[in-house]
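Asks: If you read the sequences in order, they're chains A and B. FYI, the numbering for the first sequence is 1 to 328, going by the working numbering. FYI, the numbering for the second sequence is 329 to 542, going by the working numbering. Provided herewith is a single structure, encoded as structure tokens, for subsequent inquiry.
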Amino acid sequence: MIITRTPLRMPIGGGGTDLPGFYQKYGSFFISAAIDYYMYIAVKRRPIKGIKVAYSQTEEVQTIEEINHRIAKATLQYLKVNVERGLEIVSIGDFPAGTGMGTSGSYAVGLLNALHHLEKNAVPVHVLAEEACHINMDILKDPSGKQDEYIASYGGIMCFEINKQGKVKAYPLKISFQTINDLQNNILMFYTGISRSANQVLAKQKEGMIAKDPKMIRNLQKIQAIGYEIKEALEKGDITLFGRLLDKHWRVKREREAASTSQINKWYDVAFQNGALGGKIMGAGGGGFFAFYCEDKKDELRKALVQEGLDEVKFHFDFEGTKLLVNV
Amino acid sequence: MKKPLSHRTFIKQYFDESKEIIKKIPVADIDKIVTILFEAWQQEATIFVMGNGGSASTASHFSADLTKYTVMGASYEQRKKRFKVICLTDNAVLTSSWTNDFGFDTIFSEQMEPWIKKNDVVFAFSVHGGSARPEGGTWSQNIPKAFELAKERGAKLVGLSGDTGGVMKEMADACVVVPTVNKNHITVHVEGFHVVIHHLIIHRLKQLISQWGK
Numbered sequence: 001m002i003i004t005r006t007p008l009r010m011p012i013g014g015g016g017t018d019l020p021g022f023y024q025k026y027g028s029f030f031i032s033a034a035i036d037y038y039m040y041i042a043v044k045r046r047p048i049k050g051i052k053v054a055y056s057q058t059e060e061v062q063t064i065e066e067i068n069h070r071i072a073k074a075t076l077q078y079l080k081v082n083v084e085r086g087l088e089i090v091s092i093g094d095f096p097a098g099t100g101m102g103t104s105g106s107y108a109v110g111l112l113n114a115l116h117h118l119e120k121n122a123v124p125v126h127v128l129a130e131e132a133c134h135i136n137m138d139i140l141k142d143p144s145g146k147q148d149e150y151i152a153s154y155g156g157i158m159c160f161e162i163n164k165q166g167k168v169k170a171y172p173l174k175i176s177f178q179t180i181n182d183l184q185n186n187i188l189m190f191y192t193g194i195s196r197s198a199n200q201v202l203a204k205q206k207e208g209m210i211a212k213d214p215k216m217i218r219n220l221q222k223i224q225a226i227g228y229e230i231k232e233a234l235e236k237g238d239i240t241l242f243g244r245l246l247d248k249h250w251r252v253k254r255e256r257e258a259a260s261t262s263q264i265n266k267w268y269d270v271a272f273q274n275g276a277l278g279g280k281i282m283g284a285g286g287g288g289f290f291a292f293y294c295e296d297k298k299d300e301l302r303k304a305l306v307q308e309g310l311d312e313v314k315f316h317f318d319f320e321g322t323k324l325l326v327n328v
Numbered sequence: 329m330k331k332p333l334s335h336r337t338f339i340k341q342y343f344d345e346s347k348e349i350i351k352k353i354p355v356a357d358i359d360k361i362v363t364i365l366f367e368a369w370q371q372e373a374t375i376f377v378m379g380n381g382g383s384a385s386t387a388s389h390f391s392a393d394l395t396k397y398t399v400m401g402a403s404y405e406q407r408k409k410r411f412k413v414i415c416l417t418d419n420a421v422l423t424s425s426w427t428n429d430f431g432f433d434t435i436f437s438e439q440m441e442p443w444i445k446k447n448d449v450v451f452a453f454s455v456h457g458g459s460a461r462p463e464g465g466t467w468s469q470n471i472p473k474a475f476e477l478a479k480e481r482g483a484k485l486v487g488l489s490g491d492t493g494g495v496m497k498e499m500a501d502a503c504v505v506v507p508t509v510n511k512n513h514i515t516v517h518v519e520g521f522h523v524v525i526h527h528l529i530i531h532r533l534k535q536l537i538s539q540w541g542k
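Now the structure itself:
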């Protein structure tokens, strides 16, 4: 049996520019951090025929084509996994799908990692990331970007550049141990209880791209510029500036109609009035997890948001990326 | 009285023997060992390394090179996967403790006991391959004992040996026996060539790792 563990992620800056509609014209730069909440994937050969896929539902089928789980089906087809001897795939995620933590990306990376090891053909993290992107973006035609798959593979707090041809360059953010600690202390994460499909939000962004919406492009260019400012602030150790840049990012992202609902805007305003310098909704927006940056008034902020019905979730960064836990 | 050998004559003789050994070294066995180790790296299996005396020092040196040297040509991405190596000759406390209480033959198997599992690799250096039983008494009996435990658990057995190859050659999945060209020079040549082969192996693995995923 093979078990892999793949981190979920928190976007730090420049998110949204990782969509092909943007990077194919302008290139992309974004920073993303892996956190210590995970997608675990167990894969096992069975002594009897048949495929079992267990997630929020359980499927028992005879052929790959019959599988309903889109990513599992596409990944098995892509790798041409031999299922004559039978196969079982079980996934355990710390958070449900649709919470903006990049679970689909982590699932694809974790499953690829597990299946490559099962086939005794392990590949490096950049190959895992690119294969996962290929599955989600080209095969399944999901309107998503490359961020989730890449940070899930690499782990850590990473900078990613995508050129117009779609080639990704990855390198770690040059951040001090002290700044990492400060970030972990000052970023408070809350669950909104809302889960939604990123595809709906992102489909709008993609349509905007295809229609060559100059407003959308200007918006993402602003986001990109803030991404570079965030890199500079964090490498200098100026975390207060980082907090303010999150707010700047938020105000720019809010201009995109699909990215936030009036309820989300209301929560942000409550947080801002209660000590948060800035914050962001995870992933494509529209629900899921909220992160706020707060220095001195953490208790007030917690109280105010708990009153609004949000749950706090503690986190640390993950520096390992997708990892083989068991191979027996 | 026989005239003593000059330094120059001995040096030439020693190198001539070395050349002879290089010609006779079984290349296919080295090939097998590289393949087993590269597979173990891919699958993140653990490698246990051992040896006695001079071979203990080779075991320590090889362990360090396997861990570090192999990723020196690797990219950031390739370096995320490393050899997992446990050197059984580096722990003087456990070695003396097992010897003191249960005998010298237990030092390697008892150190491996909590860790070793299916598909791991046990890598031993031994001049005689744990041979010379019964006249050899308990010479290198710690290696055959470690091999027995490894076999029980489904691990792979690899050895670098000399002389007849001993028990090691019989049990191992891959074993290089350094050929004997002069019966009076067995130990020096075998130990010397073990170091040569160890460097060949780690350099080849370094090449493979730096090409991985390209």
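Glycine is no exception: its CB is placed at the ideal position from the N, C-alpha and C atoms.
(1) Starting from Arg45(A), trace the beta strand (DSSP E) in both directions and tell me its first and last residue.
(2) Which of the residues in the stretch 295–327 of chain A, read from start to end, lie with their CB under 7 Å from any CB of chain B?
(3) Which runs of the alpha helix (DSSP H) fall wholly inside the stretch 361–448 of chain B and span at least 4 residues, in chain order?
(4) List the endpoints of the continuous alpha helix (DSSP H) containing Thr58(A).
(5) Could you give the DSSP three-state label for Tyr55(A): helix, strand or coil?
(6) So, does the CB of Gln439(B) fall closer than 8 Å to a CB anywhere in chain A?
(7) Quick one: residues in its chain with C-beta nearer than 6 Å to the C-beta of Gly193(A), no 5 flanking neighbours on either side, listed in chain order?
(8) Do Ile67(A) and Ile157(A) count as a contact pair if the criterion is CB distance below 8 Å?
(9) Give me whichever residues DSSP pairs with Ser91(A) in a beta bridge.
(10) Indicate whether Gly279(A) and Glu300(A) have their beta-carbon atoms separated by less than 8 Å.
(11) What is the DSSP secondary structure of Leu76(A), counted as helix, strand or coil?
(12) Determine the direct distance from the alpha carbon of Gly287(A) to that of Phe411(B), and round the result to whole angstroms.
(13) Answer yes if the stretch 364–372 of chain B comes into contact with the stretch 339–346 of chain B, meaning at least three C-beta pairs across the two stretches below 8 Å, and no otherwise.
(14) Measure the beta-carbon distance from Phe190(A) to Leu305(A) and round it to whole angstroms, keeping in mind my assumption that it falls under 8 Å.
(15) Does Leu117(A) come within less than 8 Å of chain B when only Cβ atoms are used?
(16) Taking C-beta to C-beta, are Lys446(B) and Val328(A) nearer than 8 Å?
(17) For the stretch 31–49 of chain A and the stretch 78–90 of chain A, state whether three or more C-beta atom pairs, one from each stretch, are separated by less than 8 Å.
(18) Comparing the C-beta of Pro47(A) with each C-beta of chain B, is any distance below 8 Å?
(19) Tell whether a beta-carbon distance below 8 Å holds between Ile361(B) and Ile529(B).
(20) Leaving aside the five residues before and after Ile210(A) along the sequence, list all residues of the same chain whose C-beta is less than 8 Å from its C-beta, in chain order.
(21) Could you tell me the boundaries of the beta strand (DSSP E) in which Ala502(B) lies?
(22) Find out if the Cβ-Cβ distance for the pair Gln147(A), Asp18(A) is shorter than 8 Å.
(23) If you follow the beta strand (DSSP E) that Ser489(B) is part of, which residue opens it and which one closes it?
(24) Which parts of the stretch 104–181 of chain A are runs of the alpha helix (DSSP H), unbroken and 4 residues or longer, counting only runs that do not cross its ends?
(25) Pick helix, strand or coil for Leu188(A), following the three-state DSSP scheme.
(26) Is the Cβ of Trp443(B) closer than 8 Å to any Cβ of chain A?
(27) Tell me which residues share the same chain as Cys133(A) and place their Cβ nearer than 6 Å to its Cβ, disregarding the 5 neighbours each side in the sequence.
(28) The beta strand (DSSP E) with Val326(A) in it runs from where to where?
(29) Report the neighbours of Gln539(B) on chain A: residues whose CB is nearer than 8 Å to its CB, in chain order.
(30) From the beta carbon of Glu519(B), is the nearest beta carbon of chain A less than 8 Å away?
(31) Quick one, which of Lys542(B), Thr492(B), Val486(B) and Tyr404(B) has its alpha-carbon nearest Val518(B)'s?
(32) Once the 5 residues before and after Ala97(A) are set aside, which same chain residues still bring their CB inside 6 Å of it?
(33) Work out the CA separation of Thr240(A) and Ala74(A) for me, nearest whole Å.
(34) For Glu348(B), would you say it is in contact with chain A, using Cβ-to-Cβ distances shorter than 8 Å as the test?
(35) Let me know the secondary structure DSSP gives Phe317(A) once reduced to three states.
(36) For Tyr26(A) versus Pro7(A), is the C-beta spacing smaller than 8 Å?
Replies: Per the coordinate set shown:
(1) Position 45 of the first sequence, counted from the first residue, corresponds to residue 45(A). For Arg45(A), the enclosing beta strand (DSSP E) begins and ends at Ser28 to Arg45.
(2) Gly321, Leu324 and Asn327
(3) 382–395, 420–430 and 435–440
(4) Position 58 of the first sequence, counting from 1, holds the residue named residue 58(A). No alpha helix (DSSP H) contains Thr58(A), which is instead part of the beta strand (DSSP E) from Thr58 to Val61.
(5) Translated into positions along the first sequence, residue 55(A) becomes position 55. Tyr55(A): coil per DSSP, three-state reduction.
(6) Residue 439(B) sits at position 111 when you count from the first residue of the second sequence. Taking Cβ atoms only, chain A never reaches closer than 8 Å to Gln439(B), which makes this a no.
(7) Here residue 193(A) corresponds to residue number 193 of the first sequence, with the count starting at 1. Within the same chain, Gly193(A) has no close Cβ partners at all.
(8) On the first sequence, position 157 is the one that residue 157(A) refers to. On the first sequence, position 67 is the one that residue 67(A) refers to. In this structure, Ile67(A) does not lie closer than 8 Å to Ile157(A) by Cβ.
(9) As a position in the first sequence, residue 91(A) is number 91, starting the count at 1. Bridge partners of Ser91(A): Ile41(A).
(10) Reading the first sequence from its first residue, position 279 is the one you call residue 279(A). Reading the first sequence from its first residue, position 300 is the one you call residue 300(A). Cβ distance not < 8 Å, so Gly279(A) and Glu300(A) don't count as in contact.
(11) Locating residue 76(A) in the first sequence gives position 76, counting from the first residue. It is helical.
(12) For this step, residue 411(B) is matched to residue 83 along the second sequence. For this step, residue 287(A) is matched to residue 287 along the first sequence. Answer to the nearest angstrom: the Cα atoms are 42 Å apart.
(13) no
(14) Position 190 of the first sequence, counted from the first residue, corresponds to residue 190(A). Position 305 of the first sequence, counted from the first residue, corresponds to residue 305(A). Phe190(A) to Leu305(A), Cβ: 6 Å. Contact.
(15) Numbered from its first residue, the first sequence carries residue 117(A) at position 117. For clarity, residue 117(A) is His in the given sequence; the question names Leu instead. Taking Cβ atoms only, chain B reaches closer than 8 Å to His117(A), which makes this a yes.
(16) Counting from one through the second sequence, the residue named residue 446(B) turns up at place 118. Counting from one through the first sequence, the residue named residue 328(A) turns up at place 328. Yes, the pair counts as a contact, with Cβ atoms nearer than the cut-off.
(17) Flag = yes, the stretch 31–49 of chain A and the stretch 78–90 of chain A touch.
(18) In the first sequence, counting from the first residue as 1, residue 47(A) sits at position 47. The beta carbon of Pro47(A) sits no closer than 8 Å to any beta carbon of chain B.
(19) For the purposes of this step, residue 361(B) is taken as the residue at position 33 of the second sequence. For the purposes of this step, residue 529(B) is taken as the residue at position 201 of the second sequence. The answer is yes: Cβ separation under 8 Å.
(20) Taking the first sequence and counting its residues from 1, the one referred to as residue 210(A) is at position 210. Any answer about Ile210(A) is weak, because its pLDDT of 49 lies below 50 and its placement is not dependable; what the coordinates show is given next. Gly21.
(21) The residue you call residue 502(B) lines up with position 174 of the second sequence. First-last of the beta strand (DSSP E) with Ala502(B): Ala502 to Val506.
(22) Taking the first residue of the first sequence as position 1, residue 147(A) is located at position 147. Taking the first residue of the first sequence as position 1, residue 18(A) is located at position 18. Against a cut-off of 8 Å, the Cβ pair of Asp18(A) and Gln147(A) comes out as a contact.
(23) As a first step, residue 489(B) must be located in the second sequence, where it is residue number 161. Segment Lys484 to Gly490, the beta strand (DSSP E) holding Ser489(B).
(24) 125–133 and 147–154
(25) On the first sequence, residue 188(A) is found 188 positions in, with the first residue counted as 1. Strand, per DSSP.
(26) Taking the second sequence and counting its residues from 1, one reaches residue 443(B) at position 115. Trp443(B) does not count as touching chain A.
(27) Taking the first sequence and counting its residues from 1, one reaches residue 133(A) at position 133. Same-chain partners within the cutoff: Lys146 and Glu149.
(28) Reading the first sequence from its first residue, position 326 is the one you call residue 326(A). Lys323 to Asn327 is the extent of the beta strand (DSSP E) around Val326(A).
(29) Here residue 539(B) is taken as the residue at index 211 of the second sequence, counted from 1. In chain order: nothing, as chain A lies at least about 11 Å away.
(30) In the second sequence, counting from the first residue as 1, residue 519(B) sits at position 191. No Cβ of chain A is located within less than 8 Å of the beta carbon of Glu519(B).
(31) Here residue 518(B) is taken as the residue at index 190 of the second sequence, counted from 1. Selection Lys542(B), Thr492(B), Val486(B) and Tyr404(B) evaluated against Val518(B) yields Thr492(B) as nearest (Cα-Cα).
(32) Counting from 1 along the first sequence, the entry for residue 97(A) is found at position 97. Excluding sequence neighbours, Ala97(A) sits near Thr103.
(33) For the purposes of this step, residue 74(A) is identified with residue 74 of the first sequence, where counting begins at 1. For the purposes of this step, residue 240(A) is identified with residue 240 of the first sequence, where counting begins at 1. One Cα belongs to Ala74(A), the other to Thr240(A), and the distance between them is close to 44 Å.
(34) Position 20 of the second sequence, counting from 1, holds the residue named residue 348(B). Closer than 8 Å: no.
(35) Looking up residue 317(A) in the first sequence gives position 317. The answer is strand: DSSP assigns Phe317(A) an E or B state.
(36) Here residue 26(A) refers to the residue found at position 26 of the first sequence. Here residue 7(A) refers to the residue found at position 7 of the first sequence. Not closer than 8 Å, so no.
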